[in-house]
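Numbering of the sequence shown is given in numbering that gives the first Met the number 0, commencing with residue 0 and proceeding in unit increments. Input: a single structure, listed below in structure tokens.
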Amino acid sequence: MSKRIKELLSQPGRTFNADELSALAAYFRIVMFDTLHDRGTGHWGGAASSAELTTALYFNRISIDPSNPRWEDRDRVILSKGHASMNLYTILAHRGFFPVEELSSFRKLDSRLQGHPCMNKLPGVDMSTGALGHGLSVGLGMALAARLSKKNWWTYVISGEGCLNEGQSWEAIMSAAKYKSEHFVLMIDYNKVQLDGTEDEIMPLGPLADKLKAFGWNVAPKACNGHDTKEILDSFAWMDSDDVWPKAVIYDTVKGKGVSFTEGKNTWHGAVIDDASYAKGIEELKSDLSKKEAAL
């Protein structure tokens, strides 16, 4: 860890700007790549595609208290695409929910860091996920619970297109539009690649924004580059721009982002990062981090 990254991570309670978030996301990709290689298991592709989204959420926007993970008034984040757990774990550890050293226990017997997040084992996990599609239903329940409790917490659901292939997601989308659940946001990590192939090969979702609008959602006026932290922060500003609920933002992302030979490849959905792949990939990730740090 460089001196600059260490300095940033020593100030987790403040709001980070776009360049700082970009550097942190680049660093977190290295941590994920290292851990997944060391453990010989896990999902690199979808974890890499959502790195900037989760970094921006946890280091710029949401209201949480790592010393009190079940604080009633906290904002909720549901990683519906639970196979990307290494991304969530990396963020939670560096945000102070548990020791960073515990990342090395990923998927070991009796570890709190299971292959898919478990809310009953690990602090900071708001919902156990893994079976694609149920994140939106649970998120809607949390948003409606806030209304009934007269609370103001926000609920964010991070979904991939695999989640949106599930009928349950669209039932939740219809229900959320009916009840106009306040402070309920769907953030779509739209990398367009799944385990067995591309979105177009498996089940095309386009025109996705038009479909969400037709179902009664307030959709961001344009898709955002999910790897551009400035655009992500602009999307946060849009979330605060009116009181028309629920809201959805489509973030165009790249599966396996950061390593050229894994980008956009379904074969890297959950492939083992072997020694040869690691040796090539880690140099690209380190080079990217150096560029991001130079911009600070």
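Here a beta-carbon is modelled for each residue, glycine too, at the ideal position from N, C-alpha and C. Quick caveat, the model's predicted, so the values are computed rather than measured.
**Supposed close pair F105, G41 - CB separation, criterion 8 Å** = Their Cβ separation, rounded to whole angstroms, is 6 Å, which keeps F105 and G41 in contact under 8 Å.
**Request:** Return helix, strand or coil for L288, following the three-state DSSP convention.
**Result:** DSSP, read as helix, strand or coil, puts L288 in helix.
**Prompt:** In chain order, what residues of the same chain lie with their CB nearer than 6 Å to the CB of A247, ignoring the 5 residues before and after it?
**Reply:** Once the five neighbours on either side are set aside, the close Cβ partners of A247 are L185, L211, W216, V218.
**Asked** Hey, quick one: how far does the beta strand (DSSP E) through G159 stretch, first residue to last?
**Response** Judged by DSSP secondary structure, G159 falls within the beta strand (DSSP E) whose first and last residues are 154-159.
**Request:** Under 8 Å Cβ to Cβ from K177, same chain only, skipping five residues before and after it: list those, please.
**Result:** G215, listed in sequence order.
**Prompt:** With contact counted as at least three CB pairs below 8 Å, one residue from each stretch, are the region 46-64 and the region 19-36 in contact?
**Reply:** The region 46-64 vs the region 19-36: in contact.
**Prompt:** Is the region 127-146 touching the region 220-233, taking contact as three or more C-beta pairs under 8 Å?
**Reply:** No, they do not touch.
**Asked** Among S9, A24, R13, which residue has its Cα nearest to the Cα of E292?
**Response** Closest in C-alpha terms to E292, from the list S9, A24, R13, comes A24.
**Request:** Output the distance between the C-alpha atoms of V124 and G205, rounded to the nearest integer angstrom.
**Result:** Taking the straight line from one Cα to the other gives about 31 Å.
**Request:** Indicate whether S84 and P122 have their beta-carbon atoms separated by less than 8 Å.
**Result:** In this structure, S84 sits away from P122, with a CB-CB distance that is not shorter than 8 Å.
**Message:** Rounded to the nearest angstrom, what separates W108 and D195 at their Cα positions?
**Reply:** A small fix is needed here, since residue 108 is Leu in this sequence, not Trp. L108 and D195 have their alpha carbons spaced roughly 28 Å apart.
**Request:** Could you check which residue in W237, M126, L147 has the C-alpha nearest to that of V76?
**Result:** The shortest C-alpha separation from V76 is found at M126.
**Residue range of the beta strand (DSSP E) that includes A247** = DSSP places A247 inside the beta strand (DSSP E), whose first and last residues are 246-251.
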